[in-house]
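Notes for the one structure printed next.
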Amino acid sequence: MPSSKTPEPPFQVIELGRPWCAAIELKDGTRLLMRPIQPRDADTLQISFQKLSPHDVRMRFMHPLKELTPEYAKQLTEIDPERAFALALVEAKPPEEALIAAVARTAVDDDGREAEFAIVIAPEIRGHGLGRYLMEQLIEWCRSRKLEAIYGFILTENRPMLTLADSLGFDIGPTDEDVGVALARLSLE
Ligand SMILES: CC(C)(COP(=O)(O)OP(=O)(O)OC[C@H]1O[C@@H](n2cnc3c(N)ncnc32)[C@H](O)[C@@H]1OP(=O)(O)O)[C@@H](O)C(=O)NCCC(=O)NCCS
Numbered sequence: 658m659p660s661s662k663t664p665e666p667p668f669q670v671i672e673l674g675r676p677w678c679a680a681i682e683l684k685d686g687t688r689l690l691m692r693p694i695q696p697r698d699a700d701t702l703q704i705s706f707q708k709l710s711p712h713d714v715r716m717r718f719m720h721p722l723k724e725l726t727p728e729y730a731k732q733l734t735e736i737d738p739e740r741a742f743a744l745a746l747v748e749a750k751p752p753e754e755a756l757i758a759a760v761a762r763t764a765v766d767d768d769g770r771e772a773e774f775a776i777v778i779a780p781e782i783r784g785h786g787l788g789r790y791l792m793e794q795l796i797e798w799c800r801s802r803k804l805e806a807i808y809g810f811i812l813t814e815n816r817p818m819l820t821l822a823d824s825l826g827f828d829i830g831p832t833d834e835d836v837g838v839a840l841a842r843l844s845l846e
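Residues 658 to 846, numbered by the working numbering, are exactly what the sequence shown covers, in order.
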């Protein structure tokens, strides 16, 4: 959960008494459940992925991807709690209808010092502050693990994510290998 220094998000958050679980209501009335992603989300994640545009997929995965294979969906939903953390925003609808509207994840490097993040928010719920809120949750998790930094690779054309990372205090610079990719890194020390 956000630290006391984090400003209030521009939507209603009701904590549900379990770690990283909250009911969220946006100003337009949209209701979502935030919770850690679970192995049973794999099928829903595959379906939810189909709603993303090719552009969104490229921004998130850094390359085109037509579908999430069952193996990839399994990999994205089976989280080793010692090494990784992934939050889903699930639509507050009957279980058979509820899609996953956002996922934010971070995975600790092999040397245990830093963690890489990735995030995607469904187009219908962008611009409500959820990207910032979920990034703050990831930062909080990394701090709780006493990691040195959180970082992510962002396509240089991805203005929304670069602006978000910059506003969260990330340092943004070039990567060694690829001119089209920036490295955003937030020191947590
Ligand atoms: C980038 C992304 C996560 C932002 O999510 P979001 O929920 O719309 O973001 P928020 O509403 O929390 O906005 C937070 C800040 O991000 C920046 N931002 C968001 N959308 C922006 C846009 N279209 N243009 C410029 N800045 C933008 C702003 O600084 C904004 O702060 P403000 O509202 O005070 O101006 C979302 O657009 C997304 O999922 N994109 C596709 C996948 C992707 O690019 N993932 C990142 C790969 S690591």
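Ideal Cβ positions, reconstructed from N, Cα and C, are used throughout, including at glycine. Because the structure is a prediction, the values reported are computed rather than measured.
Of the choices the options, whose alpha-carbon is the least far from that of residue i?
i    : options                   : result
V747 : I757, T763 and V838       : I757
A759 : D835, D823 and K708       : K708
A761 : P711, L702 and K803       : L702
K803 : D823, A772 and H785       : A772
L819 : V838, G769 and E728       : V838
G809 : L840, E793, E781 and H785 : L840
P666 : I811, E793 and V836       : E793
D766 : G786, E739 and I782       : E739
P693 : R675, E753 and L787       : R675
L821 : A730, A779, G784 and D833 : G784
S705 : M719, L690, L725 and S844 : L725
P817 : L843, R688, S801 and R789 : R789
V714 : I778, E846 and L825       : I778
D685 : P727, I782, S801 and T832 : I782
Tell me the residue span of the beta strand (DSSP E) that contains residue i.
i    : result
S844 : V838 to S844
I681 : A679 to E682
A745 : A741 to E748
D828 : D828 to P831
I671 : Q669 to E672
P693 : R688 to P693
Terminal residues of the continuous alpha helix (DSSP H) containing residue i?
i    : result
M716 : P711 to F718
E797 : L787 to S801
E728 : P727 to T734
Go ahead and pull the three-state DSSP assignment for residue i.
i    : result
F774 : strand
T763 : strand
D823 : helix
T701 : helix
R816 : helix
In chain order, what residues of the same chain have a beta carbon less than 7 Å from the beta carbon of residue i, not counting five sequence neighbours either side?
i    : result
L852 : A question about residue 852 goes unanswered here, because the residues of the chain that appear run from 658 up to 846.
T763 : A741, F742, A772, E773, F774, L795, W798, C799 and I807
S660 : For S660, the pLDDT reaches just 48, beneath the cut-off of 50, and the residue's location in the model is therefore unreliable, although a value from the coordinates is still provided. Cβ within range, chain order: E797.
G786 : P666, P667 and F668
Taking 6 Å as the limit between beta carbons, can you name the residues of its chain near residue i, skipping five residues before and five after?
i    : result
Q631 : Residue 631 lies beyond the residue range present for the chain, which begins at 658 and ends at 846; the question has no answer from this structure.
I736 : A743
Tell me which residues share the same chain as residue i and place their Cβ nearer than 8 Å to its Cβ, disregarding the 5 neighbours each side in the sequence.
i    : result
N815 : M716
E710 : The sequence shown places Ser at residue 710, not Glu. Cβ within range, chain order: P780.
Pocket of ligand 1 (residues with CB nearer than 6 Å to any heavy atom), chain order: D713, M716, R717, A775, I776, V777, I778, R783, G784, H785, G786, L787, G788, R789, G809, I811, N815, R816, P817, M818, T820, L821 and S824
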